[in-house]
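Numbered according to this note's numbering, the sequence shown spans residues 69 to 223.
All C-beta atoms, glycine included, are put in the ideal place defined by N, C-alpha and C.
No experiment lies behind these values; they were computed from the predicted model shown.
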Amino acid sequence: MRRSIPWQRIGRITLLILRYVFGATFAYGAYHKLTRRWMTSTVLREHFEQRLSEIDPHSFSAAYLRFFAIPFYRPIAWVLTIGQIIVAFSMLTGIGVRQSAALALFLLVNISAGSYFNASMPPYLITAVLLMLDLERGREGDDKPVSSIRERLLE
């Protein structure tokens with residue numbers, strides 16, 4: 069990266085900040101699910117059933133909840149929790165960012181399909197796509213501590 073192009077540097081730094089915020093959000097989500105025992109209880113099924121009672125019964129989201137999410141709430145809880153752990157680790161360490169951004173996009177789209185779409189979702193969907201499309205291999209100029217950790221881990 070050339071320092072003569074300030075907008076490019078600003079873009080890289082902005083994407084790096086977005087990555088850390090994204091990772092922190094997913095870390096909080098995973099922490100919440102682990103402490104509330106989503107993987108071993110019926111909490112997620114109860115959330116799905118409550119949401120199903122609040123939405124139009126003929127909508128796509130209702131069908132998604134009725135025929136997919138509620139019957140498979142336990143594996144969904146596992147995939148969601150473990151997926152959030154993977155995304156958080158990846159975004160906070162810088163290892164496998166594009167792959168984890170794709171996983172995050174998958175999780176976010178499925179959350180949206182279950183009628184849990186709200187005003188905070190578009191920024192997360194856009195951030196996931198931006199991180200997936202980021203072609204810069206390393207963050208040596210912006211993220212030296214993480215790059216050195218990555219090099220030590222991959223040796």
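{"Asked": "For the pair the segment 74-83 and the segment 120-138, tell me if three or more CB-CB distances fall below 8 Å.", "Found": "no"}
{"Asked": "Helix, strand or coil: which one does DSSP assign to ARG142?", "Found": "helix"}
{"Asked": "Classify ARG87: buried if its beta carbon has 16 or more other beta carbons within 10 angstroms, exposed otherwise.", "Found": "buried"}
{"Asked": "Within a Cβ cutoff of 6 Å, which residues of the same chain sit near ALA95, ignoring the five residues on either side of it in sequence?", "Found": "ALA156"}
{"Asked": "Using three-state DSSP, classify ALA127 as helix, strand or coil.", "Found": "Before going further, note that residue 127 is Ser rather than Ala in the sequence given. Coil."}
{"Asked": "How should PHE140 be labelled, buried or exposed, when 16 other C-beta atoms within 10 angstroms of its C-beta is the threshold for buried?", "Found": "exposed"}
{"Asked": "Would you mind sorting VAL165 into buried or exposed? The rule is 16 or more other CB atoms within 10 Å of its CB.", "Found": "buried"}
{"Asked": "Restricting to runs no shorter than 4 residues, where is the alpha helix (DSSP H) found entirely within the segment 140-201?", "Found": "141-161, 165-179 and 189-201"}
{"Asked": "Should ILE194 be counted as a contact of the ligand GTP given a C-beta to heavy atom distance under 8 Å?", "Found": "As for the ligand GTP, it is missing from this structure, which has no ligand bound."}
{"Asked": "Taking GLN152 as the reference, give the member of ILE81, GLY97, VAL89 and ARG80 with the closest Cα.", "Found": "GLY97"}
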